[in-house]
Each structure stands twice: as structure tokens, then as C-alpha cells.
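In my numbering, the protein residues as written are 51 to 477.
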């Protein structure tokens with residue numbers, strides 16, 4: 051008899067006990083939890099185990115002697131056609147990192163691997179309930195010309211001084227700056243802080259017109275850099291409406307600013323890699339490194355049900371500067387900016403990133419054939435079912451299938467799933 055589920059990032063199958071299971075318990079405790087099933091071979095055949103009571107005691111002793119802090123686990127005995135297997139259910143812990151023999155582990159698909167230094171620091175920071183931006187900065191030689199200019203213009207201060215820096219929580223009474231201070235400083239050297247900005251030629255990534263990297267400067271300067279390039283590539287267009295000419299936005303700037311500000315203040319600075327802004331003819335994409343905070347579900351994020359600030363000190367400074375109006379309203383504002391059009395922003399939640407896609411309201415694909423229109427649709431929405439394509443482009447089933455198969459052959463999309471669960475994914 052076969053075990054029903056395949057191995058994954060939250061399920062490990064073992065024919066018999068080995069100490070590698072302790073590494074997996076560390077990994078599950080550090081991240082999303084999971085389950086280990088002992089008594090199932092590599093081909094998912096249920097072979098069962100004997101002496102479960104003794105095995106449970108042995109595993110508990112090994113956990114107590116080798117994993118710190120104590121992970122949250124429970125044992126379940128399950129019978130399948132006369133065979134008994136042992137399930138070890140591991141609950142995600144709150145006091146990370148959970149160390150096996152002094153090392154922290156994570157799951158990579160169906161494998162368990164040791165975390166690198168950056169991930170270890172992130173787990174340690176998260177486990178101590180410290181946000182990244184409140185940890186002491188490694189660079190203490192900081193100046194704040196850009197921040198001072200913004201405060202003078204927006205809050206009417208005469209000069210930035212230590213008292214204001216303390217009020218903003220960028221420095222403590224011992225004159226030590228935190229990471230929020232460095233992120234806002236003129237000489238910000240945090241490697242993961244920066245925006246990689248590319249203007250592509252057309253609607254795919256095959257060639258680009260220009261590339262600009264905004265790094266080693268205040269996040270306020272990075273925001274200014276990317277907004278200037280946005281204005282360059284998506285200027286207002288004049289349209290004749292009745293007797294008058296009106297300036298019309300290609301991509302709503304309010305939505306773009308919300309997406310960039312959200313990326314700057316909510317991204318995971320423990321993650322290597324910069325914010326990526328991609329300008330296309332038909333859309334803008336803003337990729338923010340790092341998964342959603344564990345407290346936030348995909349539904350919470352997309353519909354603005356609740357908000358958790360990953361970098362609360364930095365977020366508060368942006369609020370003081372009126373760069374954000376109210377916490378937790380950014381996604382709603384992006385949606386509202388498209389409320390009078392037939393387009394909508396798209397939000398892609400991935401294990402290591404969050405991407406916001408803002409369609410160009412004035413992009414006209416009416417002159418293209420159905421295949422080109424469908425490519426344009428995939429470039430913005432990233433995935434679709436056959437029924438989506440049929441309904442959107444008024445195609446019959448045969449025509450939709452033929453075009454989708456052509457796009458698969460050209461490696462523009464790929465097909466995933468089976469039968470009624472088939473979905474087409476943009477490559």
C-alpha cells in the first residue's frame with residue numbers, strides 16, 4: 051500500500067529512524083512546521099515499524115539532548131492495512147533558531163540543509179522579537195543630509211539634531227545608531243539596500259534599453275531616483291476629450307509610489323538582493339525580496355485585512371514624512387487607483403519575494419492578433435486557465451487550446467496540473 055502524500059518541504063518520509071530526522075525537526079521548527087512519517091520507504095510503500103513505544107522514548111531523549119530550545123512536537127500512531135507508522139508532527143516555533151548540535155537547518159524542497167550566516171542572523175533576530183531596523187548598525191559613521199532636507203521641507207524643523215534622531219528612534223542614548231538610522235543615512239552601506247531599475251524594450255526581458263542601480267545612499271534618495279525614472283518612462287499623455295485636451299496617466303503614479311514605499315519599508319533586509327523595478331511597455335513590476343511576515347496570510351495581504359510592519363522604525367519615519375498616510379492602506383490605494391479602468395494591479399506572493407504588477411492603462415493591444423494579446427495578458431497576470439483565456443478573448447475551446455499549445459512550444463508559458471486543475475504559467 052502506498053502512502054497518500056509525496057515528500058515536500060513540510061513532509062518527510064523515512065523507512066526507519068536515523069539521526070537525520072533531528073535536522074529535519076530543527077528545520078520544521080524554524081519555519082513552517084511539518085510532519086515526519088517513520089515506516090514509509092523511498093517509493094512511498096508503507097512498511098511499518100515495530101516497538102513504537104521504545105522508539106518514541108528514544109526520539110524524545112535524543113531531542114532533549116541535542117535540540118535547543120525544546121521544539122514543540124507530538125507523536126501519532128497510524129495504522130494502514132495492518133502496518134503501524136509513527137508520525138512526528140512538528141509545530142513552528144516562536145524562539146528561533148532551533149539548533150541541532152549547535153546548527154540551524156531549513157528545508158529546500160524535499161531536502162534538509164544547514165542555513166547560511168545571513169539566514170541564521172534573521173532567525174535569531176526574529177526569535178528575540180527584534181525587528182531588523184532596530185538592531186545596532188555595523189556602520190556608525192553616518193550623516194543625514196537627505197533626511198534633514200526632507201524634515202525641513204515636510205515638518206518645518208530648523209535643523210536635524212540628536213534629540214530629533216532620538217525621537218525618531220534612529221539612535222539611542224549611548225549614541226549608537228540602529229539599522230533604520232543607516233538605511234536613512236547618506237552613507238548607507240547595507241548590501242541588501244538598493245533598487246535595481248531596468249527599462250526593457252517591449253513587454254519581455256529579451257532586451258533592455260537602460261539600467262540604473264540606486265545603492266549606497268539613503269532609502270529616501272533611492273525613492274527619488276526611481277520616481278524620476280518613472281516620470282521619464284511614463285509621462286502623462288494628452289488626450290482630446292470633447293473640446294478639451296486632458297493629461298492622462300499611463301500608470302497611476304500614486305499606485306507606483308505606494309508599491310515602492312511598501313517595498314522599501316516592508317522588505318526583508320536579511321534577504322540578499324535588491325528591490326527590482328522593471329519598466330515594460332505594458333506594465334511596471336516591483337519585486338520586493340523576502341516572503342510575507344509569518345503573521346500575514348496571502349489573503350490578509352491582498353485584501354488589506356491586516357498589516358504587520360517588518361521594519362516599524364523605518365515605517366514610522368516614512369509616516370512622519372507623510373510618505374505613507376496610514377499603515378495597512380497601501381494595497382487598497384493601489385486597487386483604488388485602477389477602479390475606473392478595466393485593469394487591476396496584480397500581486398504575486400512567492401516563498402522568497404512579493405511582486406506588484408501595475409498595468410499601463412493606455413497600452414493598446416487592439417492592433418495585435420489573438421496570440422499577441424494573450425502573450426500580453428500572461429505577461430501581466432502571470433497565470434491563467436484555458437477558461438480564463440476563452441472568456442477574456444471570446445475564443446472557442448479549440449482556438450484557445452491551439453494558441454496555448456503554440457505558446458508552450460515557444461517556451462513562453464508552461465502547463466501545470468492535470469485534468470480540471472490545469473493552469474498555464476508565464477515563463
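Built from N, CA and C at the ideal position, the CB exists for glycine as well. These numbers come from a predicted model, not from an experiment.
Measure how close the beta-carbons of residue i and residue j come, nearest whole angstrom, since I'm counting them as under 8 Å.
i: residue 431; j: residue 332; result: Actually they do not touch by this definition, with Cβ atoms about 11 Å apart.
i: residue 412; j: residue 298; result: 7 Å
i: residue 196; j: residue 273; result: About 10 Å; that fails the 8 Å criterion.
i: residue 83; j: residue 129; result: About 24 Å; that fails the 8 Å criterion.
i: residue 181; j: residue 235; result: About 18 Å separates the two Cβ atoms, so there is no contact after all.
i: residue 424; j: residue 439; result: 6 Å
i: residue 125; j: residue 106; result: 5 Å
i: residue 64; j: residue 94; result: Going by Cβ atoms, the distance from residue 64 to residue 94 rounds to 12 Å, so no, they are not a contact pair.
i: residue 451; j: residue 463; result: Not quite, the Cβ-Cβ distance comes to about 13 Å (not below 8 Å), so this is no contact.
i: residue 58; j: residue 160; result: 6 Å
i: residue 140; j: residue 121; result: 6 Å
i: residue 231; j: residue 324; result: Contact flag wrong, Cβ pair sits at about 20 Å.
i: residue 354; j: residue 402; result: Not confirmed; about 22 Å, so no contact.
i: residue 358; j: residue 346; result: 5 Å
Per DSSP, residue i forms a beta bridge with which residues?
i: residue 287; result: 298
i: residue 324; result: BP columns for residue 324 are empty, so no partner.
i: residue 244; result: 265
i: residue 464; result: 475
i: residue 149; result: 118 and 154
i: residue 3; result: The chain is shown only over 51 to 477; residue 3 falls outside these bounds and no answer can be derived.
i: residue 329; result: 249 and 334
i: residue 139; result: 85 and 124
i: residue 161; result: 158
Between which two residues does the alpha helix (DSSP H) harbouring residue i extend?
i: residue 155; result: Per DSSP, residue 155 belongs to no alpha helix (DSSP H); it is in the beta strand (DSSP E), 153–158.
i: residue 428; result: 420–431
i: residue 314; result: 303–316
i: residue 351; result: 348–352
i: residue 451; result: 447–459
i: residue 441; result: 436–443
i: residue 223; result: Residue 223 -> no alpha helix (DSSP H), and no H or E assigned at all.
i: residue 345; result: Element bounds for residue 345: n/a, residue is neither H nor E.
i: residue 231; result: 229–234
Identify which residue in the options has its Cα closest to the Cα of residue i.
i: residue 134; options: 160, 168, 99 and 125; result: 99
i: residue 147; options: 165, 161, 138 and 137; result: 165
i: residue 307; options: 368, 475, 342 and 236; result: 368
i: residue 104; options: 67, 75 and 78; result: 67
i: residue 153; options: 170, 137 and 160; result: 170
i: residue 391; options: 409, 379, 400 and 72; result: 409
i: residue 89; options: 347, 77, 205 and 71; result: 71
i: residue 246; options: 224, 229 and 280; result: 280
i: residue 6; options: 372, 119 and 317; result: Residue 6 is absent from the structure shown; the chain starts at 51 and stops at 477.
i: residue 384; options: 120, 305 and 179; result: 305
i: residue 311; options: 464, 73, 295 and 337; result: 337
i: residue 172; options: 84, 215 and 145; result: 145
i: residue 315; options: 442, 263 and 373; result: 373
i: residue 342; options: 300, 395, 255 and 405; result: 405
i: residue 278; options: 114, 262, 206 and 117; result: 262
i: residue 69; options: 60, 91 and 115; result: 115
i: residue 419; options: 353, 401 and 444; result: 444
i: residue 86; options: 192, 138 and 335; result: 138
i: residue 283; options: 292, 309 and 252; result: 252
i: residue 257; options: 111, 309 and 329; result: 329
i: residue 183; options: 76, 229 and 155; result: 229
i: residue 150; options: 96, 212 and 75; result: 75
i: residue 421; options: 240, 456, 472 and 265; result: 456
i: residue 335; options: 200, 244, 313 and 461; result: 313
i: residue 212; options: 185, 227 and 395; result: 227
i: residue 296; options: 302, 286 and 108; result: 286
i: residue 466; options: 441, 433 and 449; result: 433
i: residue 190; options: 240, 214 and 387; result: 240
i: residue 265; options: 201, 259 and 276; result: 276
i: residue 435; options: 470, 449, 364 and 206; result: 470
Starting from residue i, follow the beta strand (DSSP E) in both directions and report where the run begins and ends.
i: residue 335; result: 333–339
Complete runs of the alpha helix (DSSP H) confined to the segment 163–220 [at least 4 residues]: 167–177, 195–205 and 212–217
Where in the segment 247–282 do unbroken runs of the beta strand (DSSP E), each at least 3 residues long, occur, reported from the N-terminal end onward? 258–265
Please give me, in chain order, every unbroken run of the alpha helix (DSSP H) with length at least 4 that falls completely inside the segment 53–137. 70–80 and 102–116
Entirely enclosed beta strand (DSSP E) segments - the segment 365–406, minimum 3 residues: 396–400
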